[in-house]
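Worksheet: the structure to be examined is printed underneath.
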Amino acid sequence: MDSTMVAEKCFLIFFLLMIIHFALCASMDTIAINQTIEDGSLLISKENNFALGFFSPGNSKYRYLGIWYYKVREQTIVWVANRNHPINGSTGVLSVNHFGNLVLYSSGSQKVLVWSANVSREVTKTNTCCVAQLMDSGNLILVQQRSRRVVWESFDHPTDTLLPGMKLGLNRETGIHRFLTSWRSTDDPGTGDYVLELNLKGSPQGILYKGTKRYWRGVPWPVKSYINGRNFSFVDSQKETFVTYFPADVSVILRTKLDYSGLIIHLTWHETEGKWKELWSAPNKYQCQTYGHCGTYSKCNPSYLYRKFECDCLPGYEPQSPRAWNILKDGSGGCVRKRKESSSLCNQGEGFVKVATVKVPDTSEAVWLGLNMSLLDCELECKKNCTCYAYSSTSISGKEPGCLAWYGELMDTVINVEEGSDIYVRVDALELAEITQKSNGFLEKKHLLAIFLVSIFLAWFVIILFVYLWFKKKGKRVRNAKLLNTIKANEDRGGVSNPEIAFFNLNIILAATDNFSPANKLGQGGFGLVYKGQLSNGQEIAVKRLSKTSEQGIEEFKNEVLLIAKLQHQNLVKLIGCCIQREESILVYEYMPNKSLDSFIFDETRRSILDWRKRFDIIVGIARGILYIHQDSRLRIIHRDLKTSNILLDKEMNPKISDFGLARIFKGDQTQEKTNKIVGTLGYMSPEYAVFGKFSTKSDVFSFGIILLEIVTGKKNNSSCQGDSYLSMAGKVWHLWTEERALEIVDSSMQESCSAHEVLRCIQIGLLCVQEDALKRPSMSAVVVMLNSEISLPSPKQPPFIFRKPITSYNSAITKNEFYSVDEETITELVCR
102 MDSTMVAEKC
112 FLIFFLLMII
122 HFALCASMDT
132 IAINQTIEDG
142 SLLISKENNF
152 ALGFFSPGNS
162 KYRYLGIWYY
172 KVREQTIVWV
182 ANRNHPINGS
192 TGVLSVNHFG
202 NLVLYSSGSQ
212 KVLVWSANVS
222 REVTKTNTCC
232 VAQLMDSGNL
242 ILVQQRSRRV
252 VWESFDHPTD
262 TLLPGMKLGL
272 NRETGIHRFL
282 TSWRSTDDPG
292 TGDYVLELNL
302 KGSPQGILYK
312 GTKRYWRGVP
322 WPVKSYINGR
332 NFSFVDSQKE
342 TFVTYFPADV
352 SVILRTKLDY
362 SGLIIHLTWH
372 ETEGKWKELW
382 SAPNKYQCQT
392 YGHCGTYSKC
402 NPSYLYRKFE
412 CDCLPGYEPQ
422 SPRAWNILKD
432 GSGGCVRKRK
442 ESSSLCNQGE
452 GFVKVATVKV
462 PDTSEAVWLG
472 LNMSLLDCEL
482 ECKKNCTCYA
492 YSSTSISGKE
502 PGCLAWYGEL
512 MDTVINVEEG
522 SDIYVRVDAL
532 ELAEITQKSN
542 GFLEKKHLLA
552 IFLVSIFLAW
562 FVIILFVYLW
572 FKKKGKRVRN
582 AKLLNTIKAN
592 EDRGGVSNPE
602 IAFFNLNIIL
612 AATDNFSPAN
622 KLGQGGFGLV
632 YKGQLSNGQE
642 IAVKRLSKTS
652 EQGIEEFKNE
662 VLLIAKLQHQ
672 NLVKLIGCCI
682 QREESILVYE
692 YMPNKSLDSF
702 IFDETRRSIL
712 DWRKRFDIIV
722 GIARGILYIH
732 QDSRLRIIHR
742 DLKTSNILLD
752 KEMNPKISDF
762 GLARIFKGDQ
772 TQEKTNKIVG
782 TLGYMSPEYA
792 VFGKFSTKSD
802 VFSFGIILLE
812 IVTGKKNNSS
822 CQGDSYLSMA
832 GKVWHLWTEE
842 RALEIVDSSM
852 QESCSAHEVL
862 RCIQIGLLCV
872 QEDALKRPSM
882 SAVVVMLNSE
892 ISLPSPKQPP
902 FIFRKPITSY
912 NSAITKNEFY
922 SVDEETITEL
932 VCR
């Protein structure tokens, strides 16, 4: 083979290998020895959560090496390597040198070392060290290739941000102290004035410093394990002591930042709004948030308006400077013991006074006396040492109770905090006696005053209650007497045409219903409860008892007695009599053993009892009953509350219309009336009545149409299935009717008994009855003819209240005015015989 061709092939293979090498390097999340990342390049974690690269903050001309969120639109820096040694105007290069150390150089005319991980030579002396890798947690680590041991990590050297999984605290084995330091400004990530660290003295607590001065203090551990969407964890072992947190929802992006202004801010990223939102911050606007605002041996109250000053001394102490405290409202000087000589007293009658629900004093001066100690044990242990100024019994990590005692100054006590504990402050014998005396005197006075006030209140309450009950009872008797006189006067004038209507004695009703036993309860409505009863002659009755809390029932009661007594039809329920005695108003009806129509057609187990032929007979019977009250009786009556629950069924399942309490009588030439008080049941009201208060015979026709469709479909009109785009059954029927698919909604329990022709004809009649225009609805006489003949029927118009649910398309991010739906359910078409 020609040597030239061999050379060309070798060069081609080398060129392809180089391309593959660079492609692999570009996709890697690691930097090996002698590999570099230059200005403009990015090192991205495997899941694309974080990126490592060079940036210039704000309007700064300097370049820094940092880590930021890769998926967050707003560049958010969470760690900076060379925060105090920026690269001035030239590009930078990050690499792992031949010693295995992570180093950053400025790559200008002179190569200058800007930053280094400073890993010990003892750690990196092997030839296999090291590889730098950016983890999905945002942690930049330096790993020995062979042992996979992490020899350095950025999480050990945080800047101003605490990410989930980062530790705030001390590693005793390595001596690494992890704390946050603010930036100098928005354009300068250099070390700022504020430092947040976990103070390990006493009970660990977060302390914010401004320079060397304590600026704010958090609640000492233990604190709540869940705060603002974060699960906090505290670890205290021989190896290390630290606090860390993780998001309760892993899909949420969280961070904690120490701002250059001195605020500790918990933030979460809202992708839809494209910005960070604050969950919590400290120190807040309250003055008590500032460390030691009221000085030593004091307590600060954020809700101090009733005192006009937020500072107050602890029990046994008084202001060190009364003028500054009372006139200048400056409590920074703190408090001192009232009797300084008493500070030397010990075991001579002194004791402890409870200060409830406070952020306990700075625990830097506190000591844990022991675990699994009761409150009494804690007090006894503190009493043994005269320099023990206070103690608190609290649980560690929510488990064992421990005793925390203070042997130095009591500083930064804040009352009424959410995570508050009780502390017990040591006072001398004189102070304890004074406090006890004041407490007893106050309680004694308070006790006597309370007894006096309660006595007066109870006396007035009994008097007012007695007067109220007396007037109420008298009012009911007067009302019932007037009602009885009205009914009897109507009877004397011949208004009651039924001579069989009886006025029952209350004792007879009580005996028939077993004193209104709950076992005889049939149901309940707006009028009151309905009971089953049996008269002494064996006749079964239904007793409707007006509720004592019903104020509208009296008019309904009178209306029903006066109306139904004038009506006699096989499809109307029969009123046997009434009882108006004492405070009771009772109607007595013939007993319907099968209760109401809705208890059958809407019940999954009982609906099959009603086959199509029986349902059709019920439809015809209801129509004849309505025709009677509209046209064939001596009075033209509008029922106004026709619904399936007001259609009762006798033992042969014949329908009988009941509940005429809301009915109205029309004069001979009257066709319509208007009311300002809309009564009835939603779903059965005609549109002109529900919206404008206008009712007529066509209002009852609309209600009948809804009942007819409910009987055919077995579905309530005012309820809808989750998958339906229509919010009413009538709307669904209309939709299927227009698509010639009406049989799909017919009750499946009638599949073996129904006639498709009759069912479709009834659906058409029902749609004619529920048309929006009242003038286009047929009269009940026309409806009866339609049901009992084969005359041709007109085409119905669209009913009212055709509400449709908006359905969001999954394939479009734009909301449209049209309605679309994807039906993934299997539909079994009903085939009637």
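Under the numbering used here, residues 102 to 934 are what the sequence shown spells out, in order. Think of the CB as a built atom: it goes at the ideal place given N, C-alpha and C, for glycine as much as any other residue.
Reduced DSSP category for residue i - H, G, I as helix; E, B as strand; rest coil
i	result
Glu873	coil
Ser443	Unreliable positioning characterises Ser443 in this predicted model, as indicated by a pLDDT of 49, which lies under 50. The coordinate reading is nonetheless provided below. Helix at Ser443.
Phe123	Annotation note: pLDDT 39 at Phe123 (below 50); position unreliable, no value reported.
Gln211	coil
Leu322	Here the sequence assigns Trp to residue 322, which means Leu is not the residue at that position. Trp322 falls in the coil class under three-state DSSP.
Cys487	coil
Arg438	strand
Gln856	For clarity, residue 856 is Ser in the given sequence; the question names Gln instead. In the structure shown, Ser856 sits in coil (DSSP, three-state: anything other than H, G, I, E or B).
Val885	helix
Ser283	strand
Met129	Only weak support is given to the placement of Met129: the predicted model assigns it a pLDDT of 49, under 50, and the value that follows is read from those uncertain coordinates. Met129: coil per DSSP, three-state reduction.
Ser304	coil
Tyr790	helix
Val568	helix
Met978	Nothing can be reported for residue 978: it is not among the residues displayed for the chain, which extend from 102 to 934.
Lys527	In the sequence on display, residue 527 carries Arg and not Lys. Strand.
Val555	helix
Ser352	coil
Asp294	strand
Gly452	strand
Leu364	coil
Gln388	helix
Asp289	strand
Arg708	helix
Glu930	Per-residue confidence for Glu930 stands at a pLDDT of 43, beneath the threshold of 50, marking its modelled position as unreliable; the derived number appears in the next sentence. Glu930 falls in the coil class under three-state DSSP.
Cβ distance (whole Å) where residue i is taken to contact residue j below 8 Å
i	j	result
Phe155	Tyr165	7 Å
Cys436	Ser494	About 24 Å separates the two Cβ atoms, so there is no contact after all.
Leu607	Cys680	6 Å
Val296	Thr282	5 Å
Gly293	Tyr361	5 Å
Glu535	Tyr508	That pair is no contact at about 25 Å.
Gln872	Pro900	6 Å
CA nearest to the CA of residue i, picked from the options
i	options	result
Leu736	Asn672, Leu663, Glu684 and Ile719	Leu663
Asn747	Ser697, Gly503 and Thr313	Ser697
Leu876	Asn889, Pro788 and Ser238	Pro788
Gln682	Leu647, Tyr690 and Ser709	Leu647
Asp699	Gly815, Ser304 and Ile365	Gly815
Ile524	Cys489, Phe558, Ala551 and Thr537	Cys489
Gln176	Ile308, Gly167, Arg184 and His394	Gly167
Thr262	Ser238, Asn272 and Pro756	Ser238
Asp337	Leu271, Glu379 and Leu309	Leu271
Asp742	Glu753, Pro756, Arg765 and Lys752	Arg765
Leu636	Leu623, Pro619, Asp615 and Ala467	Asp615
Glu661	Ile719, Ile758, Trp571 and Arg725	Ile758
Leu861	Pro879, Pro897 and Met881	Pro897
Gly159	Ile738, Asp289, Ser196 and Val780	Asp289
Glu254	Lys645, Trp180 and Gln388	Trp180
Gly303	Gly634, Thr464, Gly678 and Ile677	Thr464
Asp529	Lys268, Glu753 and Leu415	Leu415
Below-8 Å beta-carbon distance, residue i vs any chain D residue
i	result
Lys659	Protein chains in the displayed structure number just one, and chain D is not present.
Return the chain-ordered ranges of every alpha helix (DSSP H) run that is complete within the segment 616-671 and spans a minimum of 4 residues. Here the runs fully enclosed are 654-665.
Contact between the segment 773-787 and the segment 849-858: three or more CB pairs below 8 Å? Pairwise C-beta distances place the segment 773-787 out of contact with the segment 849-858, as fewer than three of them are shorter than 8 Å.
So, does the segment 800-814 touch the segment 738-754, judging by three or more C-beta pairs under 8 Å? Using a C-beta cut-off of 8 Å, the segment 800-814 makes contact with the segment 738-754, since at least three inter-stretch Cβ pairs fall below that distance.
Assess, as a yes-or-no matter, whether the segment 368-375 is touched by the segment 479-491 under the definition of 3 or more beta carbon pairs within less than 8 Å. With a cut-off of 8 Å, the segment 368-375 and the segment 479-491 do not count as touching, because too few Cβ pairs lie within range.
Check whether the segment 180-191 and the segment 201-221 touch, using three or more Cβ-Cβ pairs below 8 Å as the test. In short, these stretches touch, since the Cβ pair count reaches three.
Between the segment 851-866 and the segment 684-698, do three or more beta carbon pairs fall short of 8 Å? Verdict: no, contact absent.
Three CB pairs or more closer than 8 Å across the segment 269-283 and the segment 338-355: Enough Cβ pairs lie closer than 8 Å, so yes.
With a cut-off of 8 Å, do at least 3 Cβ pairs link the segment 456-473 to the segment 418-429? Two segments are said to touch when three or more pairs of C-beta atoms, one from each, lie closer than 8 Å; by this definition the segment 456-473 does not touch the segment 418-429.
Which runs of the beta strand (DSSP E), 3 residues or longer, sit entirely within the segment 701-768? The DSSP assignment places 737-739, 748-750, 756-758 and 765-767 as complete runs of the beta strand (DSSP E) inside the segment 701-768, in order along the chain (cut-off: 3 residues).
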